[in-house]
Amino acid sequence: MRREREGEPDVGPVSEDKVGKMAQTSLLQGKQFYCREWVFHKLQHCLQEKTSFSNSSANKPSVVLNSGTNACVVPGKGASWGVLLVGGPGSGKTAVCTELLWPSSPANLQRGLHHQALAFHFCRAQDSDTLCVGGFIRGLVAQICQSGLIQGYEDKVRDPAVQSLLQPGECERNPAEAFKRCILLPLLGTKAPQQSFFLLVDSIDEGCNIAEGDQTSAGLSGTIAELLATHYEYFPPWLLLLCSARKQNKAVTKLFTEEKVKGLDVDPSSLRLLTEVEEHIGITERSLCEDQQNESTKEKR
Numbered sequence: 001m002r003r004e005r006e007g008e009p010d011v012g013p014v015s016e017d018k019v020g021k022m023a024q025t026s027l028l029q030g031k032q033f034y035c036r037e038w039v040f041h042k043l044q045h046c047l048q049e050k051t052s053f054s055n056s057s058a059n060k061p062s063v064v065l066n067s068g069t070n071a072c073v074v075p076g077k078g079a080s081w082g083v084l085l086v087g088g089p090g091s092g093k094t095a096v097c098t099e100l101l102w103p104s105s106p107a108n109l110q111r112g113l114h115h116q117a118l119a120f121h122f123c124r125a126q127d128s129d130t131l132c133v134g135g136f137i138r139g140l141v142a143q144i145c146q147s148g149l150i151q152g153y154e155d156k157v158r159d160p161a162v163q164s165l166l167q168p169g170e171c172e173r174n175p176a177e178a179f180k181r182c183i184l185l186p187l188l189g190t191k192a193p194q195q196s197f198f199l200l201v202d203s204i205d206e207g208c209n210i211a212e213g214d215q216t217s218a219g220l221s222g223t224i225a226e227l228l229a230t231h232y233e234y235f236p237p238w239l240l241l242l243c244s245a246r247k248q249n250k251a252v253t254k255l256f257t258e259e260k261v262k263g264l265d266v267d268p269s270s271l272r273l274l275t276e277v278e279e280h281i282g283i284t285e286r287s288l289c290e291d292q293q294n295e296s297t298k299e300k301r
């Protein structure tokens, strides 16, 4: 779902900065997408599970999330989990994320998962601004406000104490506190929506100062990956965290435990993808044959 609507009014003190604008676009927007239907089917199922779990979460044990003088009761173990798309370089992770937000195929348009996008962020190695944790937080806040999907959220983040944490410099100095006070607590303090939504972060391993295959997390401090890994268990039960990363970056993928994150391998070496490609080629060939037959019929007339 596009969050930059033409003619849309500014949201005032929580408006997006340049960093947010750059991170809310994909270089693959507008390109035709083929195959990977099973990925979108899986994601649809996960969102449906989220909706069901959210509706029954009142009976689950809770814990308290503290942030300075504020505290909020949040769902306990089992309530918050996410999805991590993994694959090698060039396997199509960003293409899947782009298609999820701006569907090009009739099937994905009909599926309508883009309507459940609460906010998103594309990390790019060649653009250091998109790797800035402060810009990431400010961009999410602005998108959630502009979406109008969560009633009461914008009023909560207009609080002067919250706004002070969003200021450039302050947000970078204490991103964990800003993430709690500006995103988590306001979301947890609003009425749960009737359907689930997702927060998408593409290429979450970009900007992490680690070599591929490195098992340590020494280079993850202060990154978007670390911020989400230490806070996603406090997400409201209706919000699905969806990230993508290269499977070779073990230090990043290990941050998101298998117990709390469902991994989806989109590597093109999988048999499922090869089968989809063969089916797509078959459909294309049949379509071309039908077009040729139609042209031949017209010429005979």
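Residue numbers (UniProt numbering): 1 to 301. Even glycine gets a Cβ: it sits at the ideal position worked out from N, Cα and C.
Helix, strand or coil at residue i [DSSP, three-state]
i: Arg36; result: coil
i: Ile210; result: Note that Ile210 has pLDDT 48, beneath the 50 cutoff, so the model's placement of it is unreliable and the number below is only indicative. Correct three-state label for Ile210: coil.
i: Asp129; result: helix
i: Ser217; result: Since pLDDT at Ser217 reaches only 48, below the 50 mark, its modelled position is unreliable, and no value is offered.
i: Phe120; result: strand
i: Trp238; result: coil
i: Leu185; result: helix
i: Gly90; result: coil
i: Asp155; result: helix
i: Phe197; result: strand
i: Pro175; result: helix
i: Thr190; result: coil
i: Gln163; result: helix
i: Leu255; result: coil
i: Leu109; result: helix
i: Pro61; result: Because the pLDDT of Pro61 is 43, which lies under 50, any placement of that residue in the model is unreliable, and the question is left without a value.
i: Thr223; result: coil
i: Asn249; result: coil
i: Leu149; result: coil
i: His231; result: coil
i: Ser52; result: helix
i: Leu101; result: helix
i: Gln44; result: helix
i: Gly134; result: helix
i: Glu170; result: helix
i: Gln24; result: coil
Residues sharing a beta bridge with residue i, DSSP
i: Gly263; result: Leu84
i: Ser244; result: Leu85
i: Asp202; result: Phe122
Rounded distance between the beta-carbons of residue j and residue i, thought under 8 Å
i: Thr51; j: Gln195; result: 6 Å
i: Glu172; j: Val133; result: 7 Å
i: Gly88; j: Lys254; result: Rounded, the Cβ-Cβ distance is 17 Å, inconsistent with contact.
i: Ser54; j: Pro175; result: That belief does not hold up - the Cβ atoms of Ser54 and Pro175 are roughly 27 Å apart, past 8 Å.
i: Arg124; j: Gln44; result: With 8 Å as the limit, Arg124 and Gln44 do not qualify as a contact, their Cβ atoms being about 27 Å apart.
i: Lys260; j: Trp81; result: 5 Å
i: Leu242; j: Leu200; result: 5 Å
i: Cys208; j: Ala225; result: 6 Å
i: Leu149; j: Phe197; result: 7 Å
C-beta contact flag for residue i and residue j at 8 Å
i: Phe122; j: Asp202; result: yes
i: Ala245; j: Ile204; result: yes
i: Val252; j: Gly92; result: no
i: Leu84; j: Gly222; result: no
i: Cys97; j: Leu240; result: no
i: Ala107; j: Glu37; result: yes
Interface flag, residue i vs chain D, CB-CB below 8 Å
i: Ser91; result: This model lacks chain D altogether; it includes just one protein chain.
- prompt: Is the number of C-beta pairs between the stretch 125 to 144 and the stretch 108 to 116 that are closer than 8 Å three or more?
  reply: no
query: Can you find at least 3 beta carbon pairs, one from the stretch 134 to 142 and one from the stretch 165 to 182, that sit closer than 8 Å?
result: As far as the Cβ criterion goes, the stretch 134 to 142 touches the stretch 165 to 182, which means the pair count is three or higher.
field: Contact between the stretch 175 to 192 and the stretch 93 to 104 (3+ Cβ pairs under 8 Å)
entry: no
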